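Position one of the sequence shown corresponds to residue 52 (our numbering), numbered consecutively onward.
Below is one structure, written out as structure tokens; the observations come after it.
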Amino acid sequence: MPVSRLLMDRELSQALDGVPMTPNGAFDLTDIPATRAAFRAQAESIAESEPDDPSAITEEHRVSRADGPDVLVRLLRPATAQGPLPVMLWFHGGGQVLGFAAQDDPWLKRLGSRLGCAVAVAAAATAFQPSVGLR
Numbered sequence: 052m053p054v055s056r057l058l059m060d061r062e063l064s065q066a067l068d069g070v071p072m073t074p075n076g077a078f079d080l081t082d083i084p085a086t087r088a089a090f091r092a093q094a095e096s097i098a099e100s101e102p103d104d105p106s107a108i109t110e111e112h113r114v115s116r117a118d119g120p121d122v123l124v125r126l127l128r129p130a131t132a133q134g135p136l137p138v139m140l141w142f143h144g145g146g147q148v149l150g151f152a153a154q155d156d157p158w159l160k161r162l163g164s165r166l167g168c169a170v171a172v173a174a175a176a177t178a179f180q181p182s183v184g185l186r
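Quick look at the structure:
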């Protein structure tokens, strides 16, 4: 176990075990599709282990762009909210290489419900992956 793992929360350390890493502890990007698949599987496994939060609802919208393909936007909204709400725009982590729009849903649902706001998450194309309009 690398020294940095000794100081890491045990559950976070276990989560990283499912992600391909290089010997120096960095994400292994020699096979980007495989690393993305492993990262997604790990994130989905974590999300499935948490009960769905009934205090929030999820909507998906396609937003048109003048300069390219539509963008999928996930809107997480407190279930009891009526009328307009403030909106927090969330960009998932992953450095445009890893990650996906729904990866933080459990946490964002709780956050939006506690703050009384909706949370919008745009699904962005990742690096090394052309957008649909460029194919």
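Don't be surprised by glycine CBs; every beta carbon is placed ideally from N, CA and C.
Predicted model, so just to flag it, every value in this text is computed and none were measured.
- Under the 8 Å Cβ criterion, the segment 102–110 counts as touching the segment 130–144, having at least three qualifying pairs.
- Judged by DSSP in its simplified three-state form, residue 101 adopts coil rather than helix or strand.
- Residue 139 has 170 as its beta-bridge partners, per DSSP.
- At least 8 Å separates the beta-carbon of residue 110 from that of residue 123.
- In this structure, the beta-carbon distance from residue 159 to residue 172 falls below 8 Å.
- The C-alpha of residue 135 lies about 44 Å from the C-alpha of residue 82.
- For residue 60, no beta strand (DSSP E) encloses it, and the DSSP letter there is neither H nor E.
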